[in-house]
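So the structure is just underneath, and the comments pick up after that.
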Amino acid sequence: MKILIASIFILAAATEGFSQEKQLGLADRRALKKYQDEKLPELKKAIDAAAGFSVELDIKWEKIARPGEGERYNDDDYWTNIYFVPLTGALKSIATDEMGKSGLKAGLKKVVIDFDEKTAPASNYPNGLKLENKTLFINFTPYSNVADIKEREKAIKDLLESKL
4 MKILIASIFI
14 LAAATEGFSQ
24 EKQLGLADRR
34 ALKKYQDEKL
44 PELKKAIDAA
54 AGFSVELDIK
64 WEKIARPGEG
74 ERYNDDDYWT
84 NIYFVPLTGA
94 LKSIATDEMG
104 KSGLKAGLKK
114 VVIDFDEKTA
124 PASNYPNGLK
134 LENKTLFINF
144 TPYSNVADIK
154 EREKAIKDLL
164 ESKL
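Start counting the sequence shown at 4; every next residue gets the next number (my numbering).
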(Lines of atoms letter the chains of each structure in order from A and count residues from 1; the text may use other names and numbers.)
(Lines give C-alpha, C1' and ligand atoms only; values in the text may rest on other atoms or scores of the structure.)
Protein backbone atom coordinates (compact mmCIF):
# COMPACT_ATOMS: atom_id res chain seq x y z
CA MET A 1 0.00 0.00 0.00
CA LYS A 2 2.86 2.39 0.83
CA ILE A 3 4.40 1.68 -2.57
CA LEU A 4 1.10 2.42 -4.32
CA ILE A 5 0.67 5.72 -2.46
CA ALA A 6 4.28 6.68 -3.14
CA SER A 7 3.84 5.81 -6.83
CA ILE A 8 0.70 7.94 -7.08
CA PHE A 9 2.47 10.84 -5.38
CA ILE A 10 5.47 10.58 -7.72
CA LEU A 11 3.22 10.31 -10.78
CA ALA A 12 1.17 13.32 -9.67
CA ALA A 13 4.32 15.37 -9.05
CA ALA A 14 5.78 14.37 -12.42
CA THR A 15 2.54 15.19 -14.23
CA GLU A 16 2.30 18.59 -12.52
CA GLY A 17 5.88 19.40 -13.49
CA PHE A 18 5.24 18.27 -17.05
CA SER A 19 2.21 20.50 -17.52
CA GLN A 20 4.07 23.50 -16.10
CA GLU A 21 7.00 22.72 -18.39
CA LYS A 22 4.72 22.87 -21.46
CA GLN A 23 3.36 26.35 -20.72
CA LEU A 24 4.82 29.40 -22.39
CA GLY A 25 6.29 32.01 -20.11
CA LEU A 26 5.72 35.73 -20.52
CA ALA A 27 8.82 36.24 -22.70
CA ASP A 28 7.71 33.40 -24.99
CA ARG A 29 4.17 34.79 -25.24
CA ARG A 30 5.51 38.23 -26.11
CA ALA A 31 7.78 36.78 -28.79
CA LEU A 32 4.87 34.75 -30.20
CA LYS A 33 2.65 37.84 -30.34
CA LYS A 34 5.43 39.78 -32.06
CA TYR A 35 5.71 37.06 -34.71
CA GLN A 36 1.94 36.95 -35.18
CA ASP A 37 1.72 40.74 -35.50
CA GLU A 38 4.85 41.48 -37.51
CA LYS A 39 5.67 38.47 -39.67
CA LEU A 40 2.53 36.40 -40.08
CA PRO A 41 0.47 38.98 -42.05
CA GLU A 42 3.08 39.16 -44.83
CA LEU A 43 3.48 35.38 -44.86
CA LYS A 44 -0.29 34.96 -45.16
CA LYS A 45 -0.36 37.42 -48.07
CA ALA A 46 2.40 35.47 -49.81
CA ILE A 47 0.56 32.16 -49.28
CA ASP A 48 -2.68 33.59 -50.66
CA ALA A 49 -0.88 35.17 -53.63
CA ALA A 50 0.88 31.89 -54.42
CA ALA A 51 -2.38 29.94 -54.28
CA GLY A 52 -4.40 32.57 -56.12
CA PHE A 53 -7.08 32.63 -53.40
CA SER A 54 -7.40 33.05 -49.65
CA VAL A 55 -6.24 29.90 -47.87
CA GLU A 56 -7.49 29.43 -44.31
CA LEU A 57 -4.62 28.90 -41.87
CA ASP A 58 -5.11 27.05 -38.60
CA ILE A 59 -1.81 27.33 -36.76
CA LYS A 60 -1.53 25.32 -33.56
CA TRP A 61 0.61 27.89 -31.78
CA GLU A 62 0.39 26.00 -28.50
CA LYS A 63 2.12 23.06 -30.23
CA ILE A 64 4.69 24.77 -32.47
CA ALA A 65 5.80 27.31 -29.84
CA ARG A 66 8.21 25.41 -27.65
CA PRO A 67 8.67 26.86 -24.15
CA GLY A 68 11.96 28.59 -23.44
CA GLU A 69 12.72 29.24 -27.12
CA GLY A 70 10.91 32.57 -27.51
CA GLU A 71 14.10 34.42 -28.42
CA ARG A 72 14.21 32.28 -31.59
CA TYR A 73 10.56 32.59 -32.71
CA ASN A 74 11.32 35.59 -34.94
CA ASP A 75 14.31 33.89 -36.57
CA ASP A 76 13.35 32.79 -40.07
CA ASP A 77 14.75 29.35 -39.30
CA TYR A 78 12.36 28.75 -36.41
CA TRP A 79 8.94 28.73 -38.16
CA THR A 80 9.15 30.77 -41.35
CA ASN A 81 11.52 28.47 -43.25
CA ILE A 82 10.07 25.33 -41.70
CA TYR A 83 6.38 25.88 -42.51
CA PHE A 84 5.57 29.05 -44.44
CA VAL A 85 8.30 29.36 -47.09
CA PRO A 86 7.97 25.70 -48.21
CA LEU A 87 4.17 26.00 -48.29
CA THR A 88 4.33 29.19 -50.34
CA GLY A 89 6.85 27.67 -52.74
CA ALA A 90 4.78 24.53 -53.23
CA LEU A 91 1.60 26.49 -53.90
CA LYS A 92 3.40 28.80 -56.30
CA SER A 93 4.87 25.89 -58.26
CA ILE A 94 1.47 24.21 -58.56
CA ALA A 95 -0.38 27.37 -59.58
CA THR A 96 1.78 28.06 -62.63
CA ASP A 97 -1.10 27.48 -65.03
CA GLU A 98 -4.89 27.51 -65.04
CA MET A 99 -5.10 23.76 -64.38
CA GLY A 100 -2.96 24.08 -61.27
CA LYS A 101 -4.83 27.15 -60.03
CA SER A 102 -8.23 25.55 -60.47
CA GLY A 103 -7.00 22.29 -58.92
CA LEU A 104 -5.77 24.13 -55.85
CA LYS A 105 -8.93 26.19 -55.53
CA ALA A 106 -11.12 23.08 -55.80
CA GLY A 107 -9.02 20.82 -53.61
CA LEU A 108 -7.52 22.99 -50.87
CA LYS A 109 -9.43 25.14 -48.43
CA LYS A 110 -7.41 25.03 -45.23
CA VAL A 111 -3.89 24.38 -43.95
CA VAL A 112 -3.32 23.14 -40.40
CA ILE A 113 0.19 23.71 -39.07
CA ASP A 114 0.98 21.51 -36.11
CA PHE A 115 3.82 19.80 -34.28
CA ASP A 116 3.38 16.41 -32.64
CA GLU A 117 6.70 15.43 -31.14
CA LYS A 118 5.81 11.73 -31.39
CA THR A 119 4.95 11.73 -35.10
CA ALA A 120 6.76 14.68 -36.72
CA PRO A 121 9.45 13.30 -39.04
CA ALA A 122 13.09 14.22 -38.62
CA SER A 123 13.62 14.49 -42.37
CA ASN A 124 11.19 12.18 -44.18
CA TYR A 125 8.84 15.10 -44.81
CA PRO A 126 6.11 13.24 -46.70
CA ASN A 127 5.41 11.41 -43.44
CA GLY A 128 4.55 14.74 -41.82
CA LEU A 129 1.87 15.60 -44.37
CA LYS A 130 -1.65 14.54 -45.21
CA LEU A 131 -4.53 15.97 -47.20
CA GLU A 132 -8.03 15.13 -46.00
CA ASN A 133 -11.33 16.85 -46.76
CA LYS A 134 -9.57 19.72 -48.56
CA THR A 135 -7.38 20.33 -45.51
CA LEU A 136 -3.60 20.05 -45.69
CA PHE A 137 -2.06 18.97 -42.39
CA ILE A 138 1.60 19.90 -41.89
CA ASN A 139 3.37 18.26 -38.94
CA PHE A 140 7.02 19.33 -38.98
CA THR A 141 9.45 19.97 -36.13
CA PRO A 142 10.12 23.68 -35.57
CA TYR A 143 13.74 24.85 -35.79
CA SER A 144 14.95 21.52 -37.16
CA ASN A 145 16.94 20.73 -40.31
CA VAL A 146 16.56 24.38 -41.22
CA ALA A 147 18.33 24.05 -44.58
CA ASP A 148 15.73 21.56 -45.88
CA ILE A 149 13.41 24.21 -47.33
CA LYS A 150 13.36 22.68 -50.82
CA GLU A 151 12.81 19.18 -49.43
CA ARG A 152 9.79 20.34 -47.44
CA GLU A 153 8.48 22.28 -50.43
CA LYS A 154 8.83 19.22 -52.68
CA ALA A 155 7.02 17.01 -50.18
CA ILE A 156 4.10 19.46 -49.97
CA LYS A 157 3.99 19.91 -53.75
CA ASP A 158 4.13 16.17 -54.44
CA LEU A 159 1.33 15.43 -51.98
CA LEU A 160 -0.94 18.17 -53.30
CA GLU A 161 -0.32 17.28 -56.94
CA SER A 162 -1.08 13.63 -56.26
CA LYS A 163 -4.40 14.46 -54.57
CA LEU A 164 -5.75 17.38 -56.61
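For glycine and all other residues, C-beta sits at the position ideal for the given N, C-alpha and C.
If you're wondering where the values come from, they're calculated on a predicted model, not measured in any experiment.
For Asn142, the beta-bridge partners assigned by DSSP are Asp117.
With contact defined as three or more Cβ pairs closer than 8 Å, the stretch 82 to 102 and the stretch 37 to 48 are in contact. Around the beta carbon of Thr122, fewer than 16 other beta carbons sit within 10 angstroms, so the residue counts as exposed. Annotation: Met102 to Gly92 spans about 17 Å, alpha carbon to alpha carbon. Checking the DSSP bridge columns, you'll see Asp61 partnered with Val115. Residue state for Lys25 is assigned as helix, using DSSP reduced to three classes.
Restricting attention to Val115, Phe143 and Asp119, the CA atom closest to the CA of Lys25 is found in Asp119. Contact between Asn77 and Lys42 holds: CB atoms are separated by about 7 Å, below the 8 Å threshold. Asn130 counts as exposed, since fewer than 16 other beta carbons sit within 10 angstroms of its beta carbon. Inclusion of Gly110 and Lys137 in the CB contact set at 7 Å is warranted, their separation being smaller than that value. For Glu45, the uninterrupted alpha helix (DSSP H) segment begins and ends at Leu43 to Ala54. Among the bridge pairs identified by DSSP, Leu134 is matched with Leu139. Leu107: member of the alpha helix (DSSP H) spanning Glu101 to Gly110, first to last residue. The beta carbon of Leu134 sits closer than 7 Å to those of Leu162, Leu163 and Lys166, all from its chain and outside the five residues before and after it, given in chain order.
Exclusion of the five residues before and after Ile141 leaves Tyr86, Leu90, Val114, Val115, Ile116, Asp117, Gly131, Leu132 and Ile159 as the residues of its chain whose Cβ lies within less than 8 Å of its Cβ.
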